[in-house]
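Participant: Here it is, the structure in full.
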Amino acid sequence: MSNLHIFCDQFDFSAVEGAFEGEFVSDVPLSAEIIFVSADEIKELNAKHRNKDAVTDVLSFPTLDDIRGKALKAADFPYDIDEDGSLFIGSIAVCEQRAHEQAEEFGHSYERELHYLVVHGLCHLLGYDHEDEADKAEMRQKEERILGRMGITR
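The numbering used here puts the first residue of the sequence shown at 10, with every later residue one more than the last.
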């Protein structure tokens, strides 16, 4: 059983859950939700939360701060444990239109693009970012390792 659970009504991301095995240390299962939004909705979210007036492919909304590379202990987050006993790490909004466009642009399937966007979003929820070149390289390496476990290359 994976130590990560992804809640999503539209797709089964169990392969992503399994591929994250060993990518974080936690004494409690982690959970995240994925929602699919329109181009207008993600543009509005991007403007509201990032002050960027543009459509983007994926946005992450972490619930925990400063957790990158740290062991997560239930005792440190007593008010963040869900009814099912998992630690909710945040939400990911995926723009279906941009995912379709990028799949076509990169010459691969929509499903492959979705898996990449979900892995990217989960890395953000776990505290990784790409604000500078060193952080970008570290996050990219993590993404490639996780995608590789699913047999996905970019």
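Glycine residues also receive a C-beta, built at the ideal position from the N, C-alpha and C atoms.
Bear in mind that the values here come from a model prediction, so they are computed numbers and not experimental data.
Tell me the start and end of each unbroken alpha helix (DSSP H) in the segment 18-58 that is at least 4 residues and wholly inside, in chain order.
Facilitator: With a minimum length of 4 residues, the continuous alpha helix (DSSP H) runs that stay inside the segment 18-58 are 23-28.
Participant: So, helix, strand or coil for H14, using DSSP?
Facilitator: Here H14 sits in strand by DSSP.
Participant: List in chain order: all unbroken alpha helix (DSSP H) runs of 4+ residues lying wholly within the segment 74-135.
Facilitator: Segments of the alpha helix (DSSP H) lying fully in the segment 74-135: 105-115 and 119-134.
Participant: Between the Cα of I43 and those of M159, F115, E105 and D144, spot the shortest distance and give me the residue it belongs to.
Facilitator: Checking every option, the nearest Cα to that of I43 belongs to E105.
Participant: Can you check whether the C-beta of A146 is within less than 8 Å of a C-beta belonging to chain B?
Facilitator: The question asks about chain B, but that chain is absent: this structure has only one protein chain.
Participant: Can you tell me where the beta strand (DSSP E) holding V67 begins and where it ends?
Facilitator: First-last of the beta strand (DSSP E) with V67: V67 to P71.
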